[in-house]
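S.K.: Provided herewith is a single structure, encoded as structure tokens, for subsequent inquiry.
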Amino acid sequence: MSESFSFDAKIAGPWRYVPAVSFAAIMLTGLVVSVSSLMNVSQKTWQEMAPVQRIVQGESTRRFTTQLNEHFLWSKPFAKIQRAVDWNIARDTGAAVSVGCTDWFFLNDELNTFDGGAQNANARAYMVQQVAHLLKQRGVSLMVAVVPDKTRIEQEHLCGVHRPAAFAQRAEMWINSLRKNQVEVIDLREALESVKAERYYRTDSHWNETGADAAALAIARRLQDLQLADKTDLKPAPGAIKTVTEERPGDLFRVSNLEGVPLWLRPPVEKVANSTVAPVVNKSDDLFGDGGLPSIALVGTSFSLRGNFVPFMSQHLGVPVANLAKDGGDFDGAAMTYLQSKAFQQEPPKVVIWEVPERMLQKPFKESERQWLEKLKQGQL
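Going by full-length UniProt numbering, the residue at position 308 of the sequence shown is 308; the numbering climbs one at a time, nothing skipped.
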């Protein structure tokens, strides 16, 4: 026979008020936080929500909810807590990043396949061939430097991250197509694979100083072989490079939205070599060589802006290298901008180095890239 529950106020005493007081406190706290949050909403926004028609149609309610979410006082702490939970329980890094072993992060752009990828790569090879031909007519030598994917070079750290088998020959096929058309191209994979150390940052999509220096030296050697560099020993000047070890959160760390997570709940911030590299100047004490023309200009992507890549190259060559790379420049951005500029038209360099990441080869074309392709077909830079 079951016993029925009975509440005795005398036995409960003051504790009987706890549920009601707790509920009231929660509601009051919520009210105070909500009102305080809404005080940050502009007067103009309140006026836009005021018309009766918008209220009846539900538009004002939608905007009110949006404003409350945007200005909610505790939204950032709650978001940090959510990211900490997602990381520690599921190792979740968002849609753009995959996690390998020992907290190695990899950019999913290197792992994605694209419709028409092979055709896109062929079209880009044609663009490079046209650029090389047009530069040669102006007495300018072009060297293309292909940067291999991090997932290719650091594959021992993938630990379950799947890299499509079809990508095995992706860069090699593209490079061979350029060589068949007499375009000077260097595959930086060989230089990076010869280094018995980590060549890319763990939580960044770019090479570290070890990888960047190996790539820079390989390019300097190739320029020397082509008699486009005068320096023979390719060694940096004594005391030109000073290195310290510092913490460096990588771009994939930021893309994964883990920066604001408490230190003890997130992956450790990587400690890396960070060098100060003395600039190299010509005897004329500027960036220009014979006749006031820049001797070497580099166009490319964020790889050319990381790991002291260009400063290392300049030290190996013993001459200034004009770094015209662009963050987010993709395949064409920096090259098109520079080659169509007045600076290039008026003072062309002797050598243009075009740094191209492997992960850019098969990506869909942007409209600006299509327009440049059409110009190149007409024999125009």
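C-beta atoms are modelled at their ideal positions from N, C-alpha and C, and glycine is treated no differently.
Tell me which residues share the same chain as ASP54 and place their Cβ nearer than 7 Å to its Cβ, disregarding the 5 neighbours each side in the sequence.
M.R.: Sequence check: residue 54 is Arg here, not Asp. Within the same chain, ARG54 has close Cβ partners SER60.
S.K.: Give me the Cα-Cα distance between LYS375 and GLN129, rounded to the nearest whole angstrom.
M.R.: Approximately 13 Å, taken between the alpha carbons.
S.K.: Could you check how far apart the C-beta atoms of ALA218 and LEU178 are, in whole angstroms? I think they sit under 8 Å.
M.R.: In fact, because the Cβ distance is near 17 Å, the residues do not count as touching under 8 Å.
S.K.: DSSP beta-bridge partners for SER141?
M.R.: SER141 is bridged to VAL351.
S.K.: Report all residues from its chain with a CB closer than 7 Å to the CB of LEU252; omit the five preceding and five following residues, and keep chain order.
M.R.: Only VAL97, PHE105, LEU107, THR203, ASP204, SER205 meet the Cβ criterion.
S.K.: Relative to the C-alpha of ASN122, which candidate in ASP86, GLU172, ALA84 has its C-alpha closest?
M.R.: Ranking ASP86, GLU172, ALA84 by Cα distance to ASN122 puts GLU172 first.
S.K.: Which of the three DSSP states, helix, strand or coil, is assigned to ASP187?
M.R.: Residue state, collapsed to three classes: strand.
S.K.: Just how far apart, CA to CA, sit GLU259 and HIS157?
M.R.: Distance between the alpha carbons of GLU259 and HIS157 is about 22 Å.
S.K.: Look at the alpha carbon of GLN82 and the alpha carbon of SER304, and state the distance between them as a whole number of angstroms.
M.R.: Using only the alpha carbons, I get a separation of about 35 Å.
S.K.: According to the neighbour-count rule (16 or more other Cβ atoms, all chains shown, within 10 Å of its Cβ), is PRO279 buried or exposed?
M.R.: Classification of PRO279: exposed, given that the 10 Å Cβ count is below 16.
S.K.: On the criterion of 16 or more Cβ atoms from any shown chain inside 10 Å, does ARG170 qualify as buried, or is it exposed?
M.R.: Under this definition ARG170 is a buried residue.
S.K.: Would you say GLU246 and LEU298 are within 9 Å of each other, going by their C-beta atoms?
M.R.: No, these two residues do not count as a Cβ contact at 9 Å.
S.K.: Would you decide whether PRO357 is buried or exposed? Buried here means 16 or more other CB atoms lie within 10 Å of its CB.
M.R.: So PRO357 counts as buried.
S.K.: Is the beta carbon of VAL321 less than 9 Å from the beta carbon of LEU135?
M.R.: Result no, Cβ atoms of VAL321 and LEU135 do not sit closer than 9 Å.
S.K.: Three or more C-beta pairs under 8 Å: does that hold for the stretch 333-349 against the stretch 262-277?
M.R.: The stretch 333-349 is not in contact with the stretch 262-277.
S.K.: Cα separation between SER302 and PHE331?
M.R.: When rounded, the distance between both Cα atoms is 11 Å.
S.K.: Taking the straight line between their C-alpha atoms, what separation do you get for ASP327 and LEU28?
M.R.: Spanning the two alpha carbons is a distance of roughly 48 Å.
S.K.: Please say whether ALA215 and LEU234 have beta carbons closer to each other than 9 Å?
M.R.: No, the pair does not count as a contact, with Cβ atoms beyond the cut-off.
S.K.: My understanding is that VAL131 touches LEU381, with C-beta atoms under 8 Å, so please give their C-beta distance in whole angstroms.
M.R.: Their Cβ separation, rounded to whole angstroms, is 7 Å, which keeps VAL131 and LEU381 in contact under 8 Å.
S.K.: Among THR65, ASP230, SER314, GLN227, which has the Cα closest to the Cα of THR45?
M.R.: For THR45, the nearest C-alpha among the options comes from THR65.
S.K.: Between the Cα of VAL85 and the Cα atoms of ALA343, PRO262, PRO19, ALA95, which residue gives the shortest distance?
M.R.: The option with the nearest alpha carbon to VAL85 is PRO262.
S.K.: Under 6 Å Cβ to Cβ from ARG306, same chain only, skipping five residues before and after it: list those, please.
M.R.: Closer than 6 Å at Cβ, skipping near neighbours: HIS206.
S.K.: Looking at C-alpha atoms only, which residue of GLY379, GLN315, ASN308 is the closest neighbour of PRO238?
M.R.: When each option's Cα is compared against that of PRO238, the closest is GLN315.
S.K.: Could you spell out the range, first to last residue, of the alpha helix (DSSP H) harbouring ALA212?
M.R.: Element bounds for ALA212: 209-225.
S.K.: Hey, ARG254 and ASN274: beta-carbon distance below 9 Å or not?
M.R.: Taking 9 Å as the Cβ cut-off, ARG254 and ASN274 do not qualify as a contacting pair.
S.K.: Can you round the beta-carbon distance between VAL144 and GLU209 to whole angstroms, since I take them to be within the 8 Å contact cut?
M.R.: About 23 Å; that fails the 8 Å criterion.
S.K.: Would you tell me roughly how many angstroms separate the C-alpha atoms of ALA343 and ALA325, rounded to the nearest one?
M.R.: Taking the straight line joining both Cα atoms gives about 15 Å.
S.K.: Which residues in the same chain as CYS159 place their Cβ atom closer than 7 Å to its Cβ, once the five residues preceding and following it in sequence are excluded?
M.R.: Closer than 7 Å at the Cβ level, and outside the excluded window around CYS159, lie GLY100, CYS101.
S.K.: Throw me the rounded Cβ distance for the PRO148 and LEU111 pair, which I believe falls under 8 Å.
M.R.: 14 Å between Cβ atoms; not a contact.
S.K.: Can you tell me where the beta strand (DSSP E) with PHE105 in it begins and where it stops?
M.R.: Run containing PHE105: 105-107, per the beta strand (DSSP E) assignment.
S.K.: What does DSSP give as the partner residue(s) for ALA273 in the beta ladder?
M.R.: For ALA273, which the question treats as bridged, DSSP gives the partners THR245.
S.K.: Which same chain residues, not among the five before or five after VAL319, have their C-beta less than 8 Å away from its C-beta?
M.R.: Correct list, in chain order: ALA229, ASP230, LYS231, VAL280, ASN282, GLY289, SER295, ILE296.
S.K.: Between GLY364 and PHE167, which are expected to be in contact by the criterion C-beta below 8 Å, what is the C-beta distance as a whole number of angstroms?
M.R.: The question names Gly, but residue 364 is Pro in the sequence shown. Contact flag wrong, Cβ pair sits at about 17 Å.
S.K.: Following the continuous alpha helix (DSSP H) through LEU376, name the residue where it begins and the one where it ends.
M.R.: It spans 367-377 - the alpha helix (DSSP H) in which LEU376 sits, taken as one unbroken run.
S.K.: What is the rounded straight-line gap between the Cα of ILE153 and the Cα of SER42?
M.R.: Going from the Cα of ILE153 to the Cα of SER42 covers about 51 Å.
S.K.: What distance in whole Å lies between the Cβ atoms of ALA212 and ASN323, which are believed to be in contact at a cut-off of 8 Å?
M.R.: So it is not a contact: roughly 12 Å between Cβ atoms.
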